[in-house]
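Take a look at the structure set out below.
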Amino acid sequence: MRIELTSEPGDPARPNEDYTSVALPASGQGGSLVVLDGVTPPPADVGCLHSVPWFTARLGGALLELSGSRRDMTLRDILAAALTRTADAHRSTCDLSHPRTPQATVVLARWDAERVEHLVLSDSVLLVEAPDGTVTALLDDRLDRVPRADLVSDAVADANARNKEGGFFTAAADPAVADKAVTGTLARAEVRALAAMTDGVTRWVEKFHEGDWGDLFTLVAKEGAEAVVARVRALEDADAQVRAFLRRSKTHDDATVVYAEL
């Protein structure tokens, strides 16, 4: 089995808000992986004493521990339990009802000799390679379907779309959001490798249009996770002034990739 992971901050002067980890073996068999992309809050007070990295470290650690030790629980149950555990760690000091309480996108995958389970919430991506080389992107595309008018500012998005029906969902403090996640199970024989990544990497496809999901997966498998992040950074630097592709997006985003050959 080959496991490779990398995570780089968008700005070396700021903490990386992404989280990633892998457990091998999980309950004596198979394994699991976690990728989180912490949502950067606006500069205004969001009612929480804790940083996004504090939140992603605790949520990610809980997800890894539960997915590795509790094979009797579904991935949705695991996400709900991890959210409850994390919320309990700061509900006495923080306003967890604030729409910008610390939160994150989630990719969670778990495998054993028989099956590969997955959970995706918001705009991080899980790519699955079949034995014949076919690559399938497992996505939660609700953010892409939100009307642009509902995303023109943080305030408008928070009021109209964030963690609302008809909008998009992230993992914050409410364990019920686990029921909104995209989940599924594949036969282990149908999966050769997995690649999970945050949108700081998927912009290679979605923003810069350098290739499709299969092309991106091939780059990760052949060149390695660090090399793919370096490719993204080069594209960002080249567009930093003209902003033909970046437009209003931040020039560099936190970028995380996990690659696992099963």
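The opening residue of the sequence shown carries number 1419 in our numbering; numbering runs sequentially from there. We treat Cβ as the ideally placed atom computed from N, Cα and C, and that holds for glycine.
Of the listed residues V1574, A1605 and E1583, nearest to K1598 (C-alpha basis) | On the sequence shown, residue 1598 is found 180 positions in, with the first residue counted as 1. Comparing Cα-Cα distances from K1598 to each of V1574, A1605 and E1583, the minimum goes to E1583.
Return helix, strand or coil for D1506, following the three-state DSSP convention.
-> Residue numbering aside, residue 1506 sits at position 88 when the sequence shown is read from its first letter. Helix, per DSSP.
Do V1574 and A1613 come within 8 Å of each other at the CB atom, strictly closer than that value?
-> Taking the sequence shown and counting its residues from 1, one reaches residue 1613 at position 195. Taking the sequence shown and counting its residues from 1, one reaches residue 1574 at position 156. At the C-beta level, A1613 and V1574 stay beyond 8 Å of one another.
Could you have a look at G1478 and say whether DSSP puts it in helix, strand or coil?
-> Position 60 of the sequence shown, counting from 1, holds the residue named residue 1478. Reduced to three states, the DSSP call for G1478 is helix.
Check each candidate in G1449, T1492 and P1433 and name the one with the smallest Cα separation from F1473.
-> Start at 1 with the first residue of the sequence shown, and residue 1473 comes out as number 55. Here the closest residue by C-alpha is P1433.
Can the beta-carbon of L1556 be found closer than 8 Å to that of V1564?
-> Translated into positions along the sequence shown, residue 1556 becomes position 138. Translated into positions along the sequence shown, residue 1564 becomes position 146. It is not a contact, given that the beta carbons lie outside the stated cut-off.
Check the DSSP bridge columns for D1436 and list the partner residues they point to.
-> Reading the sequence shown from its first residue, position 18 is the one you call residue 1436. D1436 is bridged to D1455.
How many Å lie between T1636 and T1424 at the Cα?
-> The residue you call residue 1636 lines up with position 218 of the sequence shown. The residue you call residue 1424 lines up with position 6 of the sequence shown. Their backbone Cα atoms lie some 16 Å apart in a straight line.
Below 6 Å CB to CB, which residues in the same chain sit around R1580 once its five sequence neighbours on both sides are set aside?
-> Numbered from 1 along the sequence shown, position 162 holds the residue referred to as residue 1580. The answer, listed in chain order, is P1517.
Pick from A1643, P1443 and G1428 that is closest to M1419, judged by C-alpha positions = Numbered from 1 along the sequence shown, position 1 holds the residue referred to as residue 1419. Ranking the options by Cα distance to M1419, first place goes to P1443.
Burial state of A1527, where buried means 16 or more other Cβ atoms lie within 10 Å | As a position in the sequence shown, residue 1527 is number 109, starting the count at 1. So A1527 ends up on the buried side.
Coarse secondary structure for L1493, derived from DSSP in three states | Within the sequence shown, residue 1493 is the residue found at index 75, counting from 1. Here L1493 sits in helix by DSSP.
6 Å CB neighbourhood of E1426 in its chain, flanking five on each side removed = Position 8 of the sequence shown, counting from 1, holds the residue named residue 1426. Here the set comprises V1647 and A1673.
In whole angstroms, what separates the C-alpha of A1643 from that of K1625?
-> For the purposes of this step, residue 1643 is taken as residue 225 along the sequence shown, with counting starting at 1. For the purposes of this step, residue 1625 is taken as residue 207 along the sequence shown, with counting starting at 1. Cα to Cα, A1643 sits roughly 19 Å from K1625.
Specify the secondary structure class of S1469 as computed by DSSP and reduced to three states.
-> Locating residue 1469 in the sequence shown gives position 51, counting from the first residue. Three-state result, S1469: coil.
Cβ-Cβ separation, D1558 to D1541 (assumed contact under 8 Å), whole Å = To locate residue 1541, count along the sequence shown from 1; it is residue 123. To locate residue 1558, count along the sequence shown from 1; it is residue 140. The Cβ separation is near 7 Å, so the contact holds.
Proximity winner among A1652, G1551 and R1661, relative to E1679 (alpha-carbon distances) = Position 261 of the sequence shown, counted from the first residue, corresponds to residue 1679. Checking every option, the nearest Cα to that of E1679 belongs to G1551.
For the beta strand (DSSP E) containing L1556, list its first residue and its last residue.
-> In the sequence shown, the residue the question calls residue 1556 occupies position 138. It spans V1553 to L1556 - the beta strand (DSSP E) in which L1556 sits, taken as one unbroken run.
Segments of 3+ residues assigned as beta strand (DSSP E) that fall wholly inside the stretch 1508-1590 | The stretch 1508-1590 contains, as complete beta strand (DSSP E) runs of 3+ residues, the segments 1522-1529, 1533-1539, 1543-1547 and 1553-1556 (chain order).
Of the choices G1456, P1461 and A1591, whose alpha-carbon is the least far from that of D1390?
-> Nothing about residue 1390 can be read from this structure; the chain reaches only from 1419 to 1680.
For A1652, the first and last residue of its enclosing alpha helix (DSSP H) | The sequence position of residue 1652 within the sequence shown is 234, counting from 1. Unbroken alpha helix (DSSP H) run through A1652: A1643 to D1657.
Do you know offhand how far L1493's Cα is from V1525's?
-> By 1-based counting over the sequence shown, the position of residue 1493 is 75. By 1-based counting over the sequence shown, the position of residue 1525 is 107. Approximately 10 Å, taken between the alpha carbons.
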